[in-house]
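Respectively, the protein sequence lines represent chains S and X.
Per the numbering used here, numbering of the first sequence is gapless, rising by one per residue and ending at 238.
Per the numbering used here, numbering of the second sequence is gapless, rising by one per residue and ending at 238.
The C-beta atom is built at its ideal place from N, Cα and C for all residues, glycine as well.
Below is one structure, written out as structure tokens; comments come after it.
There are 2 protein chains.
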Amino acid sequence: MGTKANSLLAGMEDTPRGRILAAAAHLFQKKGFERATVRDLAQAVGMQSGSIFHHFKTKEEILRNVMIEVIRFNTERMEQELKNAKDIRGKVLALMKSELQSVNGETGEAMAVLIYEWRSLKPESQQEILELREVYEQMWLNVFDDAKEAGLIEEDVDTFILRRFITGALGWSNFWYKPGGALDISALAEKSLSLVLKGKC
Amino acid sequence: MGTKANSLLAGMEDTPRGRILAAAAHLFQKKGFERATVRDLAQAVGMQSGSIFHHFKTKEEILRNVMIEVIRFNTERMEQELKNAKDIRGKVLALMKSELQSVNGETGEAMAVLIYEWRSLKPESQQEILELREVYEQMWLNVFDDAKEAGLIEEDVDTFILRRFITGALGWSNFWYKPGGALDISALAEKSLSLVLKGKC
DNA sequence: TTACAAACCAAGCGCTTGCTTGGTAGCTTT
DNA sequence: AAAGCTACCAAGCAAGCGCTTGGTTTGTAA
């Protein structure tokens with residue numbers, strides 16, 4: 038009767054490590070990193086709390102790995118979808134759709150952890166994650182600049198700031214968007230386009 | 038040499054209760070509700086940890102009061118600024134500016150707590166806070182609907198969803214916007230207008 | 001000057017936390 | 001069959017947690 042946890046990524050649940058990370062993503066989002074205990078996590082994967090530390094040295098290490106996995110997975114997926122897009126409008130749409138998918142799809146719980154549990158990382162881990170995210174962010178900025186050059190984004194718009202607004206807008210959807218209703222992620226992505234592109238789009 | 042805490046609201050720091058709430062807003066944002074201990078809080082206001090409970094029954098009660106105070110303060114301020122706005126464009130701008138002020142101004146830390154420490158409230162408190170927020174949210178929806186009727190927002194835009202996008206976009210600014218630079222809050226509000234209003238604005 | 005309440009301290013209780021330890025079951029390799 | 005490795009359990013430790021208790025100081029008012 039409990040909430041079913043989404044898998045972090047396909048096939049990962051075959052190994053103990055993968056099962057722990059998937060359960061951790063679920064628990065860390067639901068209760069927050071601090072409130073979720075190692076004992077909770079151990080129960081979720083069916084082992085004793087001490088056994089967790091056979092697979093990860095510390096609790097923070099589990100958090101760090103959840104974040105690394107979800108960045109890698111979603112960066113790769115977005116790269117793929119960008120290649121399939123034909124024109125610039127299509128590329129912007131691909132970015133929007135891809136990020137909404139990340140936030141609300143199977144990696145949604147892990148994405149929420151990535152965004153909102155930042156404070157629980159130690160500084161060195163924060164630096165590491167930041168560098169991984171920069172690759173992802175650069176893809177956004179490149180497309181936005183192309184769109185601006187093509188006249189799809191107004192001259193006086195700062196694409197740096199625009200990307201930050203969009204980060205917030207799309208990330209927040211995790212708190213209200215419920216998949217399975219009348220509005221699917223593609224439709225939501227179309228709606229979000231009007232935040233970025235000028236005039237009728 | 039430590040970070041100076043913004044006051045939650047003017048004059049509140051005169052009473053012990055106010056000093057505790059202001060310090061709590063600062064600590065809860067910096068470390069998260071769970072990680073911030075009552076001992077941390079006591080040290081910040083210069084008393085023993087046990088003395089905190091002379092003023093508040095539980096730690097959660099402190100969190101709840103931080104949230105209530107910040108909602109009341111910002112709802113009232115936004116009401117005021119809405120009255121001063123002349124036309125519809127001005128009203129939308131007033132909303133944007135007001136919320137950016139809430140998030141990045143003197144109530145910024147408390148706003149971050151309101152947004153991101155939701156999980157740490159017990160269900161009954163969540164319900165209470167939700168009802169307070171609904172008044173605030175209704176003001177947004179009313180103005181958006183007026184703007185749509187006036188042709189400033191496109192016909193096919195769902196104002197409900199638009200508000201949610203904007204909530205995320207503006208709320209996220211807490212993580213990147215630093216006051217005191219070249220870009221002040223008014224200028225940022227102007228920039229954010231293009232997310233909402235169609236064409237040149 | 002006395003009475004009283006609000007504000008606070010010093011000490012610590014009961015519990016939970018992340019993590020450690022020493023050992024065992026079972027599979028794989030030689 | 002011996003050795004070695006991965007995956008785990010059972011038990012518990014030291015530290016830190018929210019919160020309580022009993023008593024003391026301090027400001028205000030009669």
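Item: Option in S:Tyr-153, S:Asn-102 and S:Arg-114 with minimal Cα separation from X:Phe-212; Value: S:Tyr-153
Item: S:Lys-159 classed as buried or exposed, judged by whether at least 16 other C-beta atoms fall within 10 angstroms; Value: exposed
Item: Candidates S:Gly-145, S:Arg-201 and S:Leu-169, of which the one nearest S:Tyr-214 by Cα; Value: S:Gly-145
Item: Contacting positions in the region 141 to 172 of chain X - beta carbon closer than 8 Å to chain S; Value: Tyr-153, Arg-156 and Ser-157
Item: Coarse secondary structure for S:Ala-224, derived from DSSP in three states; Value: helix
Item: 9 Å Cβ cutoff, S:Val-194 in contact with chain X; Value: yes
Item: Where X:Gln-85 sits in the DSSP three-state scheme; Value: coil
Item: Pair within 9 Å by beta-carbon distance, X:Ile-198 and X:Trp-177; Value: no
Item: Closest Cα partner of S:Asn-8 within the set S:Glu-186, S:Ile-222 and S:Arg-54; Value: The shown model of chain S, from 38 to 238, leaves out residue 8 of chain S, and the question about it has no answer.
Item: X:Ala-147 vs X:Met-104 beta-carbon contact at 9 Å; Value: yes
Item: Any chain X beta carbon closer than 9 Å to S:Lys-96; Value: no
Item: Own chain partners of X:Glu-136 with C-beta closer than 7 Å, once the 5 adjacent residues on each side are dropped; Value: Leu-207
Item: Sequence-distant residues of its chain with Cβ nearer than 7 Å to S:Val-82 (five each side left out); Value: Arg-56, Ile-57 and Ala-60
Item: Spatially closest choice to X:Ala-187 from X:Val-129, X:Phe-93, X:Glu-174 and X:Phe-70, by CA coordinates; Value: X:Val-129
Item: At least 3 beta-carbon pairs within less than 8 Å: the region 63 to 74 of chain S vs the region 67 to 76 of chain X; Value: yes
Item: S:Met-133 to S:Ala-226 span [Cα, whole Å]; Value: 6 Å
Item: Distance between beta carbons of X:Asp-195 and S:Lys-228, contact taken as under 8 Å; Value: 7 Å
Item: Closer than 8 Å at the beta carbon, the chain X residues around S:Gly-87; Value: Simply none; closest approach about 22 Å.
Item: Limits of the unbroken alpha helix (DSSP H) element including X:Arg-156; Value: That residue, X:Arg-156, is in no alpha helix (DSSP H); it is neither H nor E in DSSP.
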